[in-house]
Amino acid sequence: MSSMKSREVKVLQNIPISKTLKFWEGLKEGKIYATQCMKCGKLHFPPAADCSNCLSSKMEWIELSDEAEIETFSQVMVRPASFQQNKPYVVAIGRLKENVKVLAWIVGFKLSEIKVGMKVKLVAKVTDEGKPTYEFVPI
Amino acid sequence: MRKVAIIGVGNSKFGNRSDVNISELAFEAVKPSLEDADVNAKDIEFVALGTAGAGAWYEETQPAVVVAEYCGLTKAGLIRCEAACASGSAAFFSAYSTIASGQTEIAMAIGLEKMREIDTPTAMEWIGRSGCYLWEFHNFGLTFPAYYALYANAHMAKYGTTEEDLALVAVKNHKYATMNPIAHLQKNITVNDVLSSTVIASPLKLLDCCPMTDGAASIILASEEKVKELKIDTPVWIAGIGYSSGTANLSKRPSYVGLEASVLAAQRAYKAAGVTPNQIDFAEVHDCFTIAEIMAYEDIGLCSKGEGAKLLRDGQTEIGGKIPVNVDGGLKAKGHPIGATGCSMMYELTKQLREEAVERRRQVPLKNYVALAHNVGGAGHYCYVTILRR
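If you read the sequences in order, they're chains A and B.
Under this note's numbering, the first residue of the first sequence carries the number 1, and numbering increases by one thereafter.
Under this note's numbering, the first residue of the second sequence carries the number 1001, and numbering increases by one thereafter.
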């Protein structure tokens, strides 16, 4: 089939993080923060500057505990363009005792060792490329 | 609200359509839908175009105007609708609403997608970004198959659903696709073929996943007055539409064994149509991945929660079973051109309800002349359930 190439464009967006800066800075100090609404008490993770429950914008930062129970997981073998340099990774969703859930990579296990219901630890880290992130690791 | 009927349908060949651009592909659906309804493009008062990947996986960023011009629809009211993989149903709902509300007498919904103009990793990138980029993709590279894989592992852990059960969805839908000339994948497969195919996102393998498909579908809708005026032989009436949505972040969902948006949309659709699940003659459900079809059976009330795999194993969703599902091959094998799917489901329901299935072998038996389409956007991020009645 005949085709012609479109004009090429590179996409690189600047994502504002002013309102969640404490979260991103906290990761560098090994801490994982959520926000809690000072009006209705709703705990938000991922952290939000505004409460979706009561629409108040009076929020305070709360450091989360590190114990999580895995609710589900998947090993991503076929990876997107910007993850081509990564080895296959396992994404999991874990529930913390504060009753918020976190989606992150789970590392330090063979795939066959990861089970729904298993207990893991949630830790903050800075990647080799200098990006702040968080992941599940063995207890 | 006024009664609204489908009076014309068209569907392009689904597949790798690198022979046509986006407008030429839309034309392949629009022209037959106009011929089917026996109306002119100039008669269409409003056009809603459902498409998800404009500017990302194909080059036009404002495809509604480009397509409308190419198909002679310029001057009609025009909108582009986005509801991820339910964009086609969102367009259908928009076109329907203009008539139901009394604003127009005749309107068109077009579903359209070209997914194969870019390489696969870039496609995985764009589609992976479509849940919640900031918290799921930026650091964690969650892909679309992985969204459903998270549901698959949770469903398997809770209800004992197996990888073989998942494979049976693919085997069934491939079988029907071989009887459907417009389907993308025209090949029978076995459970073993599925189990031995490459892992994409565990536990989902290549043959658990819908292909990257190009395609278009067009549906023409009209008011009851217009149906009479045009002397339409077999109008297919919109009995009820239900809709709902789910959180962008999967981490905010209560569980991973079903889609809440599907449950709510189905309940609303049944209520609007005044029917119960056991009055539905056949259904099109959103089987972008095999687990999605099993969850859909449960979420829209074809069986109880956790019984989806059993319904499938017992052959109840085949022609001859209690409720045939996806007998056009489904997203799994007919193909899933994202924005086209919702309208393509309406094409299939209309053809079946008119007893015009292209291949007689896959004409479903009709008792109540009532059928349902369940179209999910994302992994339960959006959902539309539409019930039609002849």
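Glycine residues also receive a C-beta, built at the ideal position from the N, C-alpha and C atoms.
When you compare each of the options to residue i by their alpha carbons, which one comes out closest?
i	options	result
Asp1019 of chain B	A:Met38, A:Met1, A:Lys115 and A:Lys87	A:Met1
Pro1337 of chain B	B:Val1364, B:Cys1085 and B:Pro1121	B:Cys1085
Leu1302 of chain B	B:Asn1016, B:Asn1040, B:Asp1287 and B:Val1325	B:Val1325
Cys1397 of chain B	B:Ala1216, B:Ile1200, B:Ala1217 and B:Gly1215	Outside the displayed range of chain B (1001 to 1390) lies residue 1397 of chain B, so it cannot be described from this structure.
Thr1061 of chain B	B:Thr1051, B:Pro1181 and B:Tyr1070	B:Thr1051
Arg1354 of chain B	B:Gly1008, B:Ala1239, B:Ser1196 and B:Arg1002	B:Gly1008
Glu29 of chain A	A:Asp128, A:Gln85, A:Ala124 and A:Phe136	A:Ala124
Val1039 of chain B	B:Asn1139, B:Ser1023 and B:Ile1006	B:Ile1006
Arg1017 of chain B	B:Asn1375, B:Asp1214 and B:Lys1175	B:Asp1214
Gly1342 of chain B	B:Leu1073, B:Pro1063, B:Ala1054 and B:Ala1090	B:Ala1090
Leu1150 of chain B	A:Leu55, A:Glu71, A:Met38 and A:Lys101	A:Glu71
Gln84 of chain A	B:Ser1094, B:Trp1057, B:Phe1140 and B:Ala1100	B:Phe1140
Tyr1256 of chain B	B:Glu1082, B:Asp1119 and B:Asn1153	B:Asn1153
Gly1128 of chain B	B:Ile1189, B:Arg1389, B:Ala1056 and B:Asn1188	B:Ala1056
Phe109 of chain A	A:Ile17, A:Asn99, A:Val120 and A:Tyr134	A:Val120
Val115 of chain A	A:Asn53, A:Tyr134 and A:Glu69	Looking at the sequence itself, residue 115 of chain A is Lys, so the reference to Val does not match. That would be A:Glu69, whose Cα lies nearest to the Cα of Lys115 of chain A.
Cys1081 of chain B	B:Trp1237, B:Gly1339, B:Phe1014 and B:Ile1387	B:Gly1339
Glu1284 of chain B	B:Phe1014, B:Val1370, B:Glu1035 and B:Gly1053	B:Val1370
Leu1034 of chain B	B:Pro1203, B:Cys1132 and B:Ile1219	B:Ile1219
Leu1049 of chain B	B:Ser1094, B:Tyr1058 and B:Gly1015	B:Ser1094
Within 10 angstroms of the Cβ of residue i, are there 16 or more other Cβ atoms? Answer buried if so, exposed if not.
i	result
Pro138 of chain A	exposed
Cys1383 of chain B	buried
Thr1098 of chain B	buried
Val188 of chain A	Residue 188 of chain A is absent from the structure shown; chain A starts at 1 and stops at 139.
Asn14 of chain A	exposed
Ser1012 of chain B	buried
Leu21 of chain A	exposed
Asn1375 of chain B	buried
Met1001 of chain B	exposed
Ala49 of chain A	exposed
Pro80 of chain A	buried
Met38 of chain A	exposed
His1119 of chain B	Residue identity differs from the one stated: residue 1119 of chain B is Asp in this sequence, not His. Result: exposed.
Met4 of chain A	exposed
Val126 of chain A	exposed
Lys10 of chain A	exposed
Leu1073 of chain B	buried
Any heavy atom of the ligand ADP inside 7 Å of the beta-carbon of residue i?
i	result
Ala1091 of chain B	Of ligands this structure carries none, so the ligand ADP is not represented either.
Which same chain residues, not among the five before or five after residue i, have their C-beta less than 7 Å away from its C-beta?
i	result
Gly1308 of chain B	Ile1294, Met1295, Tyr1297 and Glu1298
Ala1265 of chain B	Gly1242, Tyr1243, Ser1244, Cys1383, Tyr1384 and Val1385
Gly1246 of chain B	Arg1253, Leu1259, Glu1260, Ala1261, Gly1380 and His1381
Ala1272 of chain B	Gly1240, Ile1241 and Gly1242
Lys1075 of chain B	none
Lys97 of chain A	Ser65 and Glu67
Below 6 Å CB to CB, which residues in the same chain sit around residue i once its five sequence neighbours on both sides are set aside?
i	result
Tyr89 of chain A	Val76 and Trp105
Leu1078 of chain B	Val1047, Ala1064 and Ala1068
Gly1330 of chain B	Asn1173 and Asp1287
Give every residue of the same chain whose Cβ lies closer than 8 Å to the Cβ of residue i, excluding the five residues on either side of it in the sequence, and list them in chain order.
i	result
Ala1025 of chain B	Correcting the residue type first, residue 1025 of chain B is Leu in the shown sequence and not Ala. Ser1012, Arg1017, Leu1112, Lys1114, Asp1214, Gly1215 and Ala1216, listed in sequence order.
Tyr33 of chain A	Lys22, Phe23, Gly26, Pro47, Trp61, Ile62, Glu63 and Leu64
Flag residue i as yes if its beta-carbon sits less than 8 Å from any beta-carbon of chain C, otherwise no.
i	result
Leu1250 of chain B	As a matter of chain content, chain C is missing from the structure shown, whose protein chains are A and B.
Next on the checklist: For the structure I just gave you, are there three or more beta carbon pairs, one from the segment 1260-1270 of chain B and one from the segment 1347-1361 of chain B, closer than 8 Å?
Outcome noted: no
Next on the checklist: Does the structure place the segment 1354-1365 of chain B close enough to the segment 1284-1298 of chain B that three or more beta carbon pairs sit under 8 Å?
Outcome noted: no
Checklist entry - Okay, do the segment 1098-1109 of chain B and the segment 1032-1046 of chain B touch, 3+ Cβ pairs below 8 Å being the bar? => result yes
Next on the checklist: Does the structure place the segment 1163-1176 of chain B close enough to the segment 1206-1223 of chain B that three or more beta carbon pairs sit under 8 Å?
Outcome noted: yes
Item to check | Meets three-Cβ-pair contact criterion under 8 Å: the segment 1115-1127 of chain B and the segment 1143-1150 of chain B | outcome: yes
Checklist entry - Are the segment 47-64 of chain A and the segment 76-94 of chain A touching, with three or more C-beta to C-beta distances below 8 Å? => result no
Next on the checklist: Please list, in chain order, the residues of the segment 1126-1149 of chain B that have any C-beta partner in chain A closer than 9 Å.
Outcome noted: Trp1126, Ile1127, Gly1128, Arg1129, Cys1132, Tyr1133, Leu1134, Trp1135, Glu1136, Phe1137, His1138, Asn1139, Phe1140, Gly1141, Leu1142, Thr1143, Pro1145, Ala1146, Tyr1147, Tyr1148 and Ala1149
Checklist entry - Using Cβ-Cβ distances below 7 Å, what residues of the segment 1155-1167 of chain B are close to chain A? => result Ala1157
Checklist entry - Okay, do the segment 1247-1256 of chain B and the segment 1212-1232 of chain B touch, 3+ Cβ pairs below 8 Å being the bar? => result no
Checklist entry - Closer than 7 Å, Cβ to any Cβ of chain B: which residues of the segment 103-126 of chain A, in chain order? => result Leu103, Ala104, Trp105, Leu111 and Val116
Checklist entry - Any residues in the segment 35-54 of chain A with a beta carbon nearer than 8 Å to a beta carbon of chain B? Which ones, in chain order? => result Phe45 and Pro46
Checklist entry - Using 8 Å as the threshold, is the segment 1154-1164 of chain B in touch with the segment 1306-1323 of chain B, meaning 3 or more CB pairs across them? => result yes
Checklist entry - Which residues, in chain order, does the segment 1337-1361 of chain B contribute to contact with chain A at a C-beta distance below 7 Å? => result none
Checklist entry - Are at least three pairs of beta-carbons, each pair with one atom in the segment 1313-1323 of chain B and one in the segment 1027-1041 of chain B, less than 8 Å apart? => result no
Checklist entry - For the segment 73-89 of chain A, which residues have a CB atom closer than 8 Å to at least one CB atom of chain B, in sequence order? => result Phe73, Ser74, Gln75, Val76, Met77, Val78, Arg79, Pro80, Ala81, Ser82, Phe83, Gln84, Asn86 and Tyr89
Checklist entry - Which of the residues in the segment 1-26 of chain A, read from start to end, lie with their CB under 8 Å from any CB of chain B? => result Met1, Ser3, Ser6 and Ile15
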